[in-house]
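Taking it in order: structure first as structure tokens, then the write-up.
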Amino acid sequence: MVISVFLMGSPECRCALPGWSNDTYEIQNEAHRQMINLIIPDSTDETLKYSQCELIKNNISVACNQWVYDKSIFKSTFTSEQNLVCTDELRTSHASMIFFGGVLAGAFGLGTLSDMIGRKKTLYLSSWLLLISTMAVAWAPSFWVFCVLRFIVGFSCAGLFMTAFVLGMEIVGPSKRVWAGVVIEYFFAIGLVVLAGIAYAIREWKYIEIAVSVPSVFFLWYWWLVPESPRWLLSQGRHEEAEKIIRQIAKGNNVTLTEKALVNLEADKSTTGRVWHLFTDRVLLIRTLIIFFNWLVVSMGYYGLSLNTGNLSGDFYLNFFLSGLVEFPAYTLCLVFLNRVGRKKLHVCCFVGGGLACICTIFTMLYADESLQPITVTLAMIGKIGIAAAFAVIYVWSAEIYPTVVRNAGMGASSACARIGGMVSPYIADVSKVVDGHLGRALPLVIFGGFSVLAGLLSLLLPETLNHKLPETIQDGKEFGKKENKYFPSKSYSNQAFATDDNISTTKTESSRL
1 MVISVFLMGS
11 PECRCALPGW
21 SNDTYEIQNE
31 AHRQMINLII
41 PDSTDETLKY
51 SQCELIKNNI
61 SVACNQWVYD
71 KSIFKSTFTS
81 EQNLVCTDEL
91 RTSHASMIFF
101 GGVLAGAFGL
111 GTLSDMIGRK
121 KTLYLSSWLL
131 LISTMAVAWA
141 PSFWVFCVLR
151 FIVGFSCAGL
161 FMTAFVLGME
171 IVGPSKRVWA
181 GVVIEYFFAI
191 GLVVLAGIAY
201 AIREWKYIEI
211 AVSVPSVFFL
221 WYWWLVPESP
231 RWLLSQGRHE
241 EAEKIIRQIA
251 KGNNVTLTEK
261 ALVNLEADKS
271 TTGRVWHLFT
281 DRVLLIRTLI
291 IFFNWLVVSM
301 GYYGLSLNTG
311 NLSGDFYLNF
321 FLSGLVEFPA
331 YTLCLVFLNR
341 VGRKKLHVCC
351 FVGGGLACIC
361 TIFTMLYADE
371 SLQPITVTLA
381 MIGKIGIAAA
391 FAVIYVWSAE
401 IYPTVVRNAG
411 MGASSACARI
421 GGMVSPYIAD
431 VSKVVDGHLG
441 RALPLVIFGG
451 FSVLAGLLSL
461 LLPETLNHKL
471 PETIQDGKEF
481 GKKENKYFPS
491 KSYSNQAFAT
501 DDNISTTKTE
511 SSRL
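Residue numbers (UniProt numbering): 1 to 514.
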């Protein structure tokens, strides 16, 4: 999901010296230094050492078409191999946007497929597709082939993570869904930490891609390890297969199932609605738009902060490692406080607090010297904690606000908004490519932070759902959250985080991470 930070990293560069066959970015000797000073003009961007796109010929600045790259951070990237700099530098943002477009397509395509052929087959198909496409990326001969392959990688990532998430949610009961839904995010964070170590050790984009592709082979063994979703089997009328899996689960949990319990097994048969039903009433319309905006912003901020690692001062790999490490306390906050302080307070505090931390980085980036830049990194990591926690909370909270009859439709539309946010995030993270100097490096964090604060404050208009019975019908949704609420007494129901009853179907809901 964020490997493009290393595949498409943009190392510092300058025009290659004409006639100097063994030219390098690093100074080779005094003669080399003098030639560089003579031919390469200084950069107008205070954060760069040399002009990246021009050289001097006959006392005239002209555009160049060959470059040499700094190899102190990356030995090679797809960007440096394809010379995606100067007039082509925004192509890296386009490639990241295309990847998230693949995630969007995969969520809808493979999500629908999983409803048709089952979770297990879709998981297995996604695993094969991921393995083949990620390996192929390492041999992409051109920019457009690279983009097509990355689109397929995004498509398969959506299917793999989403199907695994839904499968896990459908195997557990309502009281454990918050654990199944949040604990899985710890493993996403572990992946970020491991990726930082792999990239640091290898530093060549092709071998980094291969190194993270090979473990997908282990997913192929899941066919014999992972059962089909019993809920999906019941929805398809395949009771005998569902009963067999449920018996295996019960045996593993040392639980004795009665024949009566097995006879009464049946799938959820909630009335379904359409997403446009959420726009038929002023109260539902406002709440839905606020939820959509929150999903868009939280996804944009989460992925944007990861992609923005290169704009932070200090060690590039350490910063990326820290951005993954700080997600552990973020998800722990959710597990500890979600059922104690409520969804609204936790979400608003995390989102607004994280956004303010990101905004504050502008002061250290613009007005502080290099010795104070660790403060910038610290503020950015605080922002990542807040936004990562808000990402987990909004999934739980919005699922509880939507009435049961339109819950799947609402969550699907919310997830689509999140993916739109992901598609926008690379362009914001790359603002420094169009705005020079320290301001260009500071703006992405300010933009992510500003939108986070706005989304968090708008969330104050949403109702709290902790210790309240969830709305079932559209009319229930209109009345939900009112002080004098005859439909929903304030403290007479379960305080489980994901759902208070089994009516929340996970058939088409998707992972908060995606």
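Note that CB positions come from ideal geometry on N, CA and C, so glycine has one too.
Per-residue DSSP class, three states only, for Ser76: Translated into the one-based positions of the sequence shown, residue 76 becomes position 76. When secondary structure is reduced to three states using DSSP, Ser76 falls in the strand class.
With a Cβ-Cβ cutoff of 9 Å, do residue 532 and Ala380 count as a contact? Because the chain spans 1 through 514 in this model, residue 532 falls outside it and cannot be assessed.
Contacts around Asn495, its chain only, beta-carbon distance under 7 Å, and the 5 residues preceding and following it disregarded: As a first step, residue 495 is located in the sequence shown; it is residue number 495 there, counting from the start. With a pLDDT of 37 at Asn495, under the threshold of 50, the modelled position of this residue cannot be trusted; read the value that follows with caution. Cβ neighbours of Asn495 beyond the five flanking positions: Asn339, Leu466 and Asn467.
Quick check on the DSSP output: the beta strand (DSSP E) that includes Ile40 runs from which residue to which? Locating residue 40 in the sequence shown gives position 40, counting from the first residue. Element bounds for Ile40: n/a, residue is neither H nor E.
Note down, in chain order, each residue of its chain lying with its Cβ closer than 6 Å to the Cβ of Ser72, except the 5 sequence neighbours on either side. Translated into the one-based positions of the sequence shown, residue 72 becomes position 72. Around Ser72: no qualifying Cβ.
Given 8 Å as the limit, is there contact between the region 123 to 132 and the region 171 to 182, that is, 3 or more CB pairs closer than that? Between the region 123 to 132 and the region 171 to 182 there are fewer than three C-beta pairs closer than 8 Å, too few to call the two in contact.
Close Cβ partners of residue 541 (< 6 Å) along its chain, the five nearest in sequence each way excluded: Only positions 1 to 514 of the chain appear in the structure, and residue 541 is not among them; the question remains open.
What number of angstroms, rounded off, separates the C-alpha of Cys15 from the C-alpha of Val434? The residue given as residue 15 occupies position 15 in the sequence shown. The residue given as residue 434 occupies position 434 in the sequence shown. Straight-line Cα distance between these residues: approximately 19 Å.
Roughly how many angstroms separate the alpha carbons of Pro329 and Tyr427, rounded to a whole number? As a first step, residue 329 must be located in the sequence shown, where it is residue number 329. As a first step, residue 427 must be located in the sequence shown, where it is residue number 427. Cα to Cα, Pro329 sits roughly 28 Å from Tyr427.
Run of the beta strand (DSSP E) containing Leu55, from where it starts to where it stops: Taking the first residue of the sequence shown as position 1, residue 55 is located at position 55. Note, Leu55: beta strand (DSSP E), Glu54 to Lys57.
Is the separation between the beta-carbon of Ala196 and that of Phe320 shorter than 9 Å? Residue mapping note: residue 196 aligns to position 196 of the sequence shown, counting from 1. Residue mapping note: residue 320 aligns to position 320 of the sequence shown, counting from 1. In this structure, Ala196 lies near Phe320, with their beta-carbon atoms less than 9 Å apart.
If you follow the beta strand (DSSP E) that Ser61 is in, where does it begin and where does it stop? Counted from its first residue, the sequence shown places residue 61 at position 61. Ser61 -> beta strand (DSSP E) spans Ile60 to Ala63.
Just verifying my parser: in three-state terms, what is the DSSP assignment at Val226? The residue you call residue 226 lines up with position 226 of the sequence shown. Coil.
Report the three-state DSSP secondary structure of Trp232 (helix, strand or coil). Within the sequence shown, residue 232 is the residue found at index 232, counting from 1. Helix.
Under 9 Å, do residue 515 and Val153 count as touching if we go by C-beta distance? In the structure displayed, the chain extends from 1 to 514; residue 515 sits before or after that span and is not available.
Going by other Cβ atoms of all chains shown within 10 Å of its Cβ, with 16 needed for buried, is Ser371 buried or exposed? Translated into positions along the sequence shown, residue 371 becomes position 371. When all chains shown are included, Ser371 counts as exposed.
Between Glu241 and Lys344, which are expected to be in contact by the criterion C-beta below 8 Å, what is the C-beta distance as a whole number of angstroms? Locating residue 241 in the sequence shown gives position 241, where the first residue counts as 1. Locating residue 344 in the sequence shown gives position 344, where the first residue counts as 1. Incorrect: roughly 41 Å between the Cβ atoms, too far for contact.
Coarse secondary structure for Arg14, derived from DSSP in three states: Numbered from 1 along the sequence shown, position 14 holds the residue referred to as residue 14. It is a strand residue.
Going by Cα to Cα distance, which pick from Phe108, Val103, Gly19 and Asn58 is closest to Trp67? Residue numbering aside, residue 67 sits at position 67 when the sequence shown is read from its first letter. The shortest C-alpha separation from Trp67 is found at Gly19.
Is Tyr395 helix, strand or coil when you go by DSSP? Taking the first residue of the sequence shown as position 1, residue 395 is located at position 395. The answer is helix: DSSP assigns Tyr395 an H, G or I state.
Quick one: residues in its chain with C-beta nearer than 7 Å to the C-beta of Val216, no 5 flanking neighbours on either side, listed in chain order? Numbered from its first residue, the sequence shown carries residue 216 at position 216. The residue you asked about is not Val; residue 216 is Ser in the sequence shown. Ser127, Leu130, Leu131 and Thr134.
For Trp67, which residues does DSSP report across the bridge? In the sequence shown, the residue the question calls residue 67 occupies position 67. For Trp67, which the question treats as bridged, DSSP gives the partners Cys15.
By Cβ distance below 8 Å, which residues in the same chain neighbour Val298 in space, the five residues on each side in sequence not counted? Counted from its first residue, the sequence shown places residue 298 at position 298. Around Val298, the same chain offers Phe351, Ile387, Ala390, Phe391, Ile394, Ala418, Gly421, Ser452 and Ala455 as residues with beta carbons nearer than 8 Å, after the five sequence neighbours per side are excluded.
Closer than 6 Å by C-beta to Ile210: which residues in its own chain qualify, once you throw out the five before and the five after it? Chain order, please. Taking the sequence shown and counting its residues from 1, the one referred to as residue 210 is at position 210. Excluding residues within five positions, the ones whose Cβ falls inside 6 Å are Ala138.
For Glu54, count the other beta carbons within 10 Å of its own beta carbon; 16 or more makes it buried, fewer makes it exposed. Which is it? Walking along the sequence shown from the start, residue 54 turns up at place 54. Glu54 sits buried, since 16 or more C-beta atoms from the chains shown fall within 10 Å of its C-beta.
With a threshold of 8 Å, are at least 3 pairs of Cβ atoms found where one atom belongs to the region 399 to 407 and the other to the region 186 to 194? Short answer: they don't touch.
Does the Cβ of Trp295 have 16 or more other Cβ atoms within 10 Å, making it buried, or fewer, making it exposed? In the sequence shown, the residue the question calls residue 295 occupies position 295. Counting Cβ neighbours within 10 Å, Trp295 comes out buried, since at least 16 surround it.
Output the distance between the C-alpha atoms of Leu17 and Pro11, rounded to the nearest integer angstrom. As a first step, residue 17 is located in the sequence shown; it is residue number 17 there, counting from the start. As a first step, residue 11 is located in the sequence shown; it is residue number 11 there, counting from the start. So the two alpha carbons sit approximately 18 Å from each other.
Alpha-carbon spacing of Val201 relative to Val5, whole angstroms: Here residue 201 corresponds to residue number 201 of the sequence shown, with the count starting at 1. Here residue 5 corresponds to residue number 5 of the sequence shown, with the count starting at 1. It is Ala, not Val, that sits at residue 201 in the sequence shown. So the two alpha carbons sit approximately 15 Å from each other.
Kindly confirm or deny that the region 103 to 111 and the region 434 to 448 touch, where touching means at least three C-beta pairs closer than 8 Å. Segments in contact, no.
Ignoring anything shorter than 3 residues, give me the beta strand (DSSP E) runs that lie fully in the region 274 to 343, in order along the chain. Fully enclosed beta strand (DSSP E) runs of 3 or longer: not present.
For Glu204, which of helix, strand or coil comes out of DSSP? Counted from its first residue, the sequence shown places residue 204 at position 204. DSSP places Glu204 in the strand class (E or B) of the three-state scheme.
Quick check on this structure: which residue in Val275, Arg274 and Gln248 has the alpha carbon closest to the alpha carbon of Leu262? Position 262 of the sequence shown, counting from 1, holds the residue named residue 262. Distances from the CA of Leu262 to each of Val275, Arg274 and Gln248 were compared; the closest alpha carbon is that of Gln248.
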